[in-house]
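Engineer: So that we are looking at the same thing, I have put the structure below in structure tokens.
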Amino acid sequence: MSARAAPGPALALLLAGACSSGESTGEEATGPAPWFVEEAASRGLDFRHASGHGEAFWMPEIMGGGAALLDLEGDGDLDAYLVQSGALAAPEDAAVADRLFTNDGAGRFTPAELPPVRGYGMGAACGDADGDGDADLYRTALGRNTLLVNEGGRLADGTATSGTAHGGWSTSAAFLDYDRDGALDLFVTAYLEWSRTGELDCMDPLGRPDYCSPKNYKTPALSALFRNAGAGAFSDVSRASGVAEKRGTGLGVAVGDLDGDGWLDVFVANDGMPNRLWKNGGDGTFADVAMLAGCGVDADGLPKAGMGVALADLDEDLDLDVFVCNLRGESDSYYRNEGGYFSDRTAAAGLAAVSKPFTRFGLALCDFDQDGRLDVYEANGRVERAAEAGAAGDPYAEPNLLLRASAAGAFEEVRPRGGTAPELVATSRAVACGDVDGDGAPDLLVVNRDGPAHLLVNRAPGRGHAVLLRVLEKSGADALGAMLTLEIDGRRLRRDVGAAYSYLASNDARLHVGLGTARRIESVRVRWVDGGEERFGPFDVGDVGEAGDAGRAPVFELRRGRGTRP
Numbered sequence: 000m001s002a003r004a005a006p007g008p009a010l011a012l013l014l015a016g017a018c019s020s021g022e023s024t025g026e027e028a029t030g031p032a033p034w035f036v037e038e039a040a041s042r043g044l045d046f047r048h049a050s051g052h053g054e055a056f057w058m059p060e061i062m063g064g065g066a067a068l069l070d071l072e073g074d075g076d077l078d079a080y081l082v083q084s085g086a087l088a089a090p091e092d093a094a095v096a097d098r099l100f101t102n103d104g105a106g107r108f109t110p111a112e113l114p115p116v117r118g119y120g121m122g123a124a125c126g127d128a129d130g131d132g133d134a135d136l137y138r139t140a141l142g143r144n145t146l147l148v149n150e151g152g153r154l155a156d157g158t159a160t161s162g163t164a165h166g167g168w169s170t171s172a173a174f175l176d177y178d179r180d181g182a183l184d185l186f187v188t189a190y191l192e193w194s195r196t197g198e199l200d201c202m203d204p205l206g207r208p209d210y211c212s213p214k215n216y217k218t219p220a221l222s223a224l225f226r227n228a229g230a231g232a233f234s235d236v237s238r239a240s241g242v243a244e245k246r247g248t249g250l251g252v253a254v255g256d257l258d259g260d261g262w263l264d265v266f267v268a269n270d271g272m273p274n275r276l277w278k279n280g281g282d283g284t285f286a287d288v289a290m291l292a293g294c295g296v297d298a299d300g301l302p303k304a305g306m307g308v309a310l311a312d313l314d315e316d317l318d319l320d321v322f323v324c325n326l327r328g329e330s331d332s333y334y335r336n337e338g339g340y341f342s343d344r345t346a347a348a349g350l351a352a353v354s355k356p357f358t359r360f361g362l363a364l365c366d367f368d369q370d371g372r373l374d375v376y377e378a379n380g381r382v383e384r385a386a387e388a389g390a391a392g393d394p395y396a397e398p399n400l401l402l403r404a405s406a407a408g409a410f411e412e413v414r415p416r417g418g419t420a421p422e423l424v425a426t427s428r429a430v431a432c433g434d435v436d437g438d439g440a441p442d443l444l445v446v447n448r449d450g451p452a453h454l455l456v457n458r459a460p461g462r463g464h465a466v467l468l469r470v471l472e473k474s475g476a477d478a479l480g481a482m483l484t485l486e487i488d489g490r491r492l493r494r495d496v497g498a499a500y501s502y503l504a505s506n507d508a509r510l511h512v513g514l515g516t517a518r519r520i521e522s523v524r525v526r527w528v529d530g531g532e533e534r535f536g537p538f539d540v541g542d543v544g545e546a547g548d549a550g551r552a553p554v555f556e557l558r559r560g561r562g563t564r565p
């Protein structure tokens, strides 16, 4: 924020045809045709975030809200959960109006029932917490966090029996099987130790009341780790694991095997402090190695105001790189993985100048034009108000950014700005990525502070062919943390199964892989979280037409045991 001081496993393949043949060219990508169309209202996604801001400038008000895209009903499409913040002045036990919407399979949404939730809402994380094969949801908050257990497509409050209520100010969270015992554990990031009675009065450069920097408080908080003992009962192992050894101003979290040792590590983006790379020791303990590994600070040795974070193989060398977005005046941070050590390649990737004018929170690394390279979408919104409110009437509003990955390994901005026409200007926070309308292409759900949510449906011109890969445990749950290596037309691509990335968001756990002009996947090699490996394929994509069968992507399932050993 402000740097101002004052899921044996099964593999389900969902193959989607091209919207048009061939890869998009640079000229097409930067031309006037929009990549997204905003359709939240017309598709029934009726949600307006409320920060509760009144006269006082209370710090948590500028930070929300969150979102999740998940297959709640197990019917193969993505439902939507939106986290409401509420009012900080309300009683702590006051119910908050989060919203759940079920998907009809074509991307049209209907409101669904929810149990009461409490606490000033922040974000969401999804995973099979109780081992029954379906996706559960963990809601973070200022105050009591909530575990919503999936009972046949309906959510029920299972917090009390799970032991995951936690407390304080939690932000992003992630489910992961850090000890490789087959049960998903839970990592929760925390931001500040904050209370209404201890709030500070801060001014902007023009002498007007405004939100404070986290540096003013000097109260960084402790992240938490909960170990799953089975059937969704968790124990707090924060201290025993070492996670509680260092405080931080954690906002974004992402999970992956960053050093290639077969154990899942955790990366936390800190606001105004060095980032944390919690290396998994394989014995139940973690150690922060961010500074040693080269991803704690930038190339100048300075910490940035880290918000959203994502891990992906951006340079196609089969290891995970780190992408963090930061505050206005600071560039993004692209840490290239070089064998478990990282180098800051932000400027070389063309990310420095284009990102600096904006405060970036939500982050999606998805292949929107389906050329086999991961593009970047950033959800932006200030934390220090502008001198004038601007056309949107919101002094914190900014346009979002869409950056297309080039064959040369750099990024270039797509116009119109943010990929929409007209340009959307809001104070955007969480962004969740997933195929909501079943056409095989990744769409975006964006939450805007004190504004309506945006549903950006993918209409990128010249999209290539693509596949959706779903990796499942024996129970049918998404195999979070599994690593896939794909052989496609002479290229080797790595994709990891994950839902926790961005900021306050949970994303589609299916893997969307753009193929460009290719129509055949030579092989898919899966390394499961427990270290076992299998090989699947080859697969012929075929010509399924612009929208497939009745506008949906064809579905293919392969189960563990039907593949071959590599």
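In numbering that gives the first Met the number 0, the protein residues as written are 0 to 565.
All residues carry an ideal CB built from backbone N, CA and C; glycine is no exception.
Buried or exposed for threonine 248, please, with buried defined as at least 16 other CB atoms from any protein chain shown within 10 angstroms of its CB.
Structural biologist: buried
Engineer: Quick check: the Cα distance between methionine 62 and serine 330, rounded to an integer number of angstroms?
Structural biologist: 20 Å
Engineer: Among His48, Ser84, Arg143 and Val252, which residue has its Cα nearest to the Cα of alanine 124?
Structural biologist: Val252
Engineer: Where do the N-terminal and C-terminal ends of the alpha helix (DSSP H) with lysine 214 fall, by residue?
Structural biologist: 213-216 is the extent of the alpha helix (DSSP H) around lysine 214.
Engineer: Whole angstroms is fine: what's the gap from glycine 170's alpha carbon to threonine 188's?
Structural biologist: Per the sequence shown, the amino acid found at residue 170 is threonine instead of glycine. Separation of threonine 170 and threonine 188 (C-alpha to C-alpha, rounded to the nearest whole angstrom) is 6 Å.
Engineer: Can you determine whether any heavy atom of the ligand MN sits closer than 7 Å to the C-beta of glycine 271, and answer yes or no?
Structural biologist: The ligand MN is absent from the structure shown, which contains no ligands of any kind.
Engineer: Alanine 351 by DSSP, collapsed to three states: which one?
Structural biologist: helix
Engineer: Does the Cβ of aspartate 270 have 16 or more other Cβ atoms within 10 Å, making it buried, or fewer, making it exposed?
Structural biologist: Under this definition aspartate 270 is a buried residue.
Engineer: Taking glutamate 411 as the reference, give the member of Gly418, Gly417 and Arg403 with the closest Cα.
Structural biologist: Considering only alpha carbons, the answer is Arg403.
Engineer: Rounded to whole angstroms, what is the Cα-Cα separation between leucine 444 and phenylalanine 35?
Structural biologist: 11 Å
Engineer: For cysteine 294, which residues from the same chain have a beta carbon less than 7 Å from its beta carbon, with the 5 sequence-adjacent residues on both sides left out?
Structural biologist: Asn274, Leu276, Val321, Tyr334 and Phe341
Engineer: Less than 8 Å separating the beta-carbons of arginine 153 and asparagine 144?
Structural biologist: By the CB criterion at 8 Å, arginine 153 and asparagine 144 fall outside the cutoff.
Engineer: Can you tell me where the beta strand (DSSP E) holding leucine 514 begins and where it ends?
Structural biologist: 510-515
Engineer: Using a threshold of 8 Å, state whether the C-beta atoms of valine 382 and tyrosine 210 are closer than that.
Structural biologist: yes
Engineer: Sort out for me which residues DSSP pairs threonine 563 with in a bridge.
Structural biologist: Arg534
Engineer: Can you tell me which of the three DSSP states glycine 25 falls into?
Structural biologist: Confidence at glycine 25 is low in this model, with a pLDDT of 40, below 50, so its placement is unreliable and the value that follows should be read with caution. Here glycine 25 sits in helix by DSSP.
Engineer: Using alpha carbons as the reference points, say which of Gly437, Ala504, Arg519 and Leu221 lies closest to glycine 106.
Structural biologist: Gly437
Engineer: Tell whether a beta-carbon distance below 8 Å holds between glycine 75 and serine 474.
Structural biologist: The answer is no: Cβ separation not under 8 Å.
Engineer: What's the gap between the Cα of aspartate 282 and the Cα of aspartate 178?
Structural biologist: 8 Å
Engineer: Between Gly530, Ala86 and Ala89, which has its C-alpha nearest aspartate 256's C-alpha?
Structural biologist: Gly530
Engineer: Does DSSP classify serine 20 as helix, strand or coil?
Structural biologist: Since pLDDT at serine 20 reaches only 34, below the 50 mark, its modelled position is unreliable, and the value read off the structure follows with that caveat. Three-state result, serine 20: coil.
Engineer: Cα-Cα, which of Gly497, Ala459 and Gly132 is closest to glycine 151?
Structural biologist: Gly132
Engineer: Could you say which of Glu377, Arg207 and Ala173 lies nearest to arginine 226 if we only look at CA atoms?
Structural biologist: When each option's Cα is compared against that of arginine 226, the closest is Ala173.
Engineer: Considering only residues of the same chain and omitting the five flanking positions on each side of threonine 158, which have a CB-CB separation below 6 Å?
Structural biologist: Thr145, Leu146 and Ala164
Engineer: Below 8 Å between beta carbons: does that hold for aspartate 203 and glycine 259?
Structural biologist: no
Engineer: When you compare only the Cα positions, how much space is there between arginine 564 and methionine 482?
Structural biologist: 15 Å
Engineer: Please check the pair valine 435 and leucine 77, which I expect to be a contact at CB under 8 Å, by giving their CB distance rounded to whole angstroms.
Structural biologist: 5 Å
Engineer: Got a sec? Which residues, its chain only, sit under 7 Å from glycine 433 by beta carbon, not counting five neighbours each side?
Structural biologist: Leu68, Leu77, Pro441, Asp442, Asn506 and Asp507
Engineer: Does the stretch 304-319 come within contact of the stretch 362-382, defined as at least 3 CB pairs closer than 8 Å?
Structural biologist: yes
Engineer: Measuring CB atoms only, is the stretch 107-120 touching the stretch 456-472, in the sense that at least three cross pairs come out at less than 8 Å?
Structural biologist: No, they do not touch.
Engineer: Tell me, to the nearest whole angstrom, how far the beta carbon of glycine 417 is from that of proline 398; I am working on the premise that it is less than 8 Å.
Structural biologist: Beta-carbon to beta-carbon, glycine 417 and proline 398 are separated by about 5 Å, close enough to satisfy the 8 Å threshold.
Engineer: By the 10 Å Cβ neighbour count, where 16 or more other Cβ atoms means buried, how is glycine 562 classified, buried or exposed?
Structural biologist: buried
Engineer: Thinking just about the alpha-carbon of each residue, which of Leu362, Ala420 and Gly450 is nearest to the one in glycine 392?
Structural biologist: Gly450
Engineer: Please go through the same chain and pick out, in chain order, the residues whose beta-carbon is closer than 6 Å to the beta-carbon of tyrosine 216, but skip the five residues on each side of it.
Structural biologist: Spatial neighbours of tyrosine 216 in its own chain (CB-CB distance under 6 Å, excluding positions within 5 residues in sequence) are listed in chain order as Leu191.
Engineer: Check each candidate in Glu198, Ser237 and Gly489 and name the one with the smallest Cα separation from phenylalanine 56.
Structural biologist: Glu198
Engineer: Residues in the same chain with beta-carbon distance under 7 Å from histidine 453, minus the five sequence neighbours each way, listed in chain order, please.
Structural biologist: So the qualifying residues of the chain are Glu37, Ala39, Leu423, Val445 and Asn447.
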